[in-house]
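Take a look at the structure below.
Shown next as structure tokens:
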């Protein structure tokens, strides 16, 4: 089976202030004193990683804060440009696309972020946010309205939520709206970056059930980034364990959890209360 | 055994609107009580009331909170200041943010200590390093000379616990002390609080939405929903044989690792 998303040897280095513009020696000494050091070194957030996401698959990425999981999400969605490597989406190399071509990528890939309320424009209604991608594709205002109502209902919200603003709904409701927005354009791949982490366990369970239903109905492939290993075990077909920018282990969640091969994975699993 | 803290049918209101209703529990010396509930259930408000941290708009409108025979909501601010610290200690969700960023950790701990007792700088350093050693930090002097941002999130949280323990309070209130931390660091912080109880016999009230933390630490659990008590019992009973429908639902929603 052809992978829907293929990441080859991707690397992201955030440049520190070490190689910054040339400053005369005299003023540099003063700067150094003020900063208390010779400038920050470069930081490699993602270090030559490769993986594939198959059609209909749900792939989890786990790891501690700073391990590079969110940078991976930003790289595959082109929100950050890679330093090295390639991202292939549905057979197309999207690593260097710009402008219109890059916008077309977002017909196939959509995202759900960690903080639902912040991911909507506070001055516009949820309906505006959910329908934006449809309007951009040329759908009429009337059609969009009908489709938004349908999407809201698919995600378990009443249709009149289209008129509400982000601050007028709860976190769980807002995350449902964010999922409605993500599936509006019928993408093939959904990237969930800690999509349930800000929610209470009861809401988390509901949102997960919704994602499970949508995944089956719409044949979505999901990249599920999450620090909760138990959740990944419930939800994903396969899991990557990241540590310091690298993939240290991968496999079926049950195998990785019951029989971790890597020392870091073992430590991670032992520390779960 | 006489209880050290007793909540007796406590109601709490913000701006006249009741947010907590009829909360009663008692805490024995050396006991760890876990308070769980969803966001907005009033769990943090309950412990803030004991320390007088409800702010100008919050008030205990009914019921009593007894600490060693004193009714806390009736105390004057001056009396409350004498209790907060040496008798009642608190750790917050982000201890790093509760330190002043431009002063060393040591100078801030020293300040909090001189507020309550006459102590020389040398004496303070000895006691602080001694305490830090007891809770697992070998390099006490280095930590005291660090600025908060020079410590990792987990270290900041553990230093926050040290800051509260320096005055040897009889009760430690902890408001979501592990929620901002990675699982491996979370475990360290939990172990540290258990060590504090073992070493000093401190009673702890921990507010968290993390059932795993409660299962590891607490002797008894109080479950809250919409400002009211749903269930109160031993950790074993509440987690394994919940009596109330809501508790059952809450426990069923917790993702558990199948090993």
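Residue numbers (the numbering used here), protein chains in the order written: chain A, 108 to 380; chain B, 11 to 269. All C-beta atoms in this analysis are idealised placements derived from N, C-alpha and C, irrespective of residue type, glycine included.
By the 10 Å Cβ neighbour count, where 16 or more other Cβ atoms means buried, how is residue i classified, buried or exposed?
i                      : result
residue 152 of chain B : exposed
residue 79 of chain B  : exposed
residue 142 of chain A : The predicted position of residue 142 of chain A is uncertain, since its pLDDT is 47 and thus under 50; no value can be drawn from it.
residue 112 of chain B : exposed
residue 262 of chain A : buried
residue 172 of chain B : buried
residue 281 of chain A : buried
residue 27 of chain B  : exposed
residue 299 of chain A : buried
residue 67 of chain B  : exposed
residue 121 of chain A : exposed
residue 168 of chain B : buried
residue 289 of chain A : buried
residue 185 of chain B : buried
residue 364 of chain A : buried
residue 229 of chain A : exposed
residue 228 of chain B : buried
residue 108 of chain A : exposed
residue 5 of chain B   : This structure gives no information on residue 5 of chain B, because the portion of chain B shown stretches from 11 to 269.
residue 176 of chain A : buried
residue 220 of chain B : buried
residue 110 of chain B : exposed
What are the residues that DSSP puts in a beta bridge with residue i?
i                      : result
residue 310 of chain A : According to DSSP, which records beta bridges pairwise, residue 310 of chain A is partnered with nothing at all.
residue 245 of chain A : None; residue 245 of chain A has no bridge partner.
residue 45 of chain B  : B:217, B:232
residue 185 of chain B : B:217
residue 113 of chain A : A:159, A:195
residue 165 of chain A : A:329
residue 136 of chain B : Residue 136 of chain B is not bridged to any residue.
residue 278 of chain A : Per DSSP, none; premise fails for residue 278 of chain A.
residue 81 of chain B  : B:76
residue 262 of chain A : Partner(s): none; residue 262 of chain A has no beta bridge.
residue 118 of chain A : A:191
residue 157 of chain B : Partner(s): none; residue 157 of chain B has no beta bridge.
For residue i and residue j, which I take to be in contact (beta-carbon distance under 8 Å), what is that distance rounded to the nearest angstrom?
i                      : j                      : result
residue 195 of chain A : residue 113 of chain A : 4 Å
residue 44 of chain B  : residue 188 of chain B : 12 Å between Cβ atoms; not a contact.
residue 37 of chain B  : residue 194 of chain B : Not a contact, Cβ separation roughly 30 Å.
residue 138 of chain B : residue 154 of chain B : 6 Å
residue 111 of chain A : residue 354 of chain A : Going by Cβ atoms, the distance from residue 111 of chain A to residue 354 of chain A rounds to 19 Å, so no, they are not a contact pair.
residue 181 of chain B : residue 14 of chain B  : 6 Å
residue 328 of chain A : residue 162 of chain A : 6 Å
residue 367 of chain A : residue 340 of chain A : Not really, about 13 Å apart at Cβ, beyond 8 Å.
residue 215 of chain A : residue 294 of chain A : 6 Å
According to the Cβ coordinates, are residue i and residue j closer than 8 Å?
i                      : j                      : result
residue 167 of chain A : residue 346 of chain A : yes
residue 149 of chain A : residue 123 of chain A : yes
residue 116 of chain B : residue 158 of chain B : no
residue 40 of chain B  : residue 243 of chain B : no
residue 182 of chain A : residue 153 of chain A : yes
residue 233 of chain A : residue 284 of chain A : yes
residue 251 of chain A : residue 238 of chain A : yes
residue 248 of chain B : residue 233 of chain B : yes
residue 332 of chain A : residue 301 of chain A : yes
residue 292 of chain A : residue 259 of chain A : no
residue 70 of chain B  : residue 88 of chain B  : no
residue 191 of chain B : residue 170 of chain B : no
residue 259 of chain B : residue 309 of chain A : yes
residue 338 of chain A : residue 226 of chain B : no
residue 269 of chain A : residue 248 of chain A : no
residue 245 of chain B : residue 216 of chain B : no
residue 101 of chain B : residue 55 of chain B  : no
residue 342 of chain A : residue 321 of chain A : no
residue 48 of chain B  : residue 335 of chain A : no
residue 29 of chain B  : residue 20 of chain B  : no
residue 125 of chain B : residue 95 of chain B  : yes
residue 62 of chain B  : residue 239 of chain B : no
residue 205 of chain B : residue 119 of chain B : no
residue 209 of chain A : residue 330 of chain A : no
residue 241 of chain B : residue 254 of chain B : yes
residue 98 of chain B  : residue 35 of chain B  : no
task: Closer than 8 Å, Cβ to Cβ, to anything on chain B: give me those residues from the segment 331 to 345 of chain A, in chain order.
output: Going along the segment 331 to 345 of chain A in chain order, one finds 334, 335, 336, 337, 338, 340, 341 with a Cβ nearer than 8 Å to chain B.
message: Output needed in chain order: residues of the segment 311 to 325 of chain A with a Cβ under 8 Å from some Cβ in chain B.
response: Cβ contacts with chain B come from 311, 312.
- prompt: Using Cβ-Cβ distances below 7 Å, what residues of the segment 222 to 240 of chain B are close to chain A?
  reply: Taking 7 Å as the Cβ-Cβ cut-off against chain A, the residues of the segment 222 to 240 of chain B that qualify are 222, 223, 225, 226.
task: Could you name the residues of the segment 129 to 153 of chain B whose beta carbon sits closer than 9 Å to any beta carbon of chain A, in the order they occur along the chain?
output: Residues of the segment 129 to 153 of chain B with a C-beta atom less than 9 Å from some C-beta of chain A do not occur.
- request: Would you list, in chain order, the members of the segment 161 to 177 of chain A that have their beta-carbon closer than 8 Å to a beta-carbon of chain B?
  value: Within the segment 161 to 177 of chain A, the qualifying residues are 171, 172.
message: Along the segment 239 to 260 of chain B, where does the CB come closer than 7 Å to a CB of chain A? Name the residues.
response: Per Cβ criterion, the list reads 259, 260.
Positions along the segment 191 to 205 of chain B whose CB lies within less than 9 Å of some CB in chain A: Answer in chain order: 191, 192, 193, 194, 195, 196, 197, 198, 200.
message: Which residues of the segment 44 to 70 of chain B have a Cβ closer than 8 Å to any Cβ of chain A? Give them in chain order.
response: Per Cβ criterion, the list reads 48, 49.
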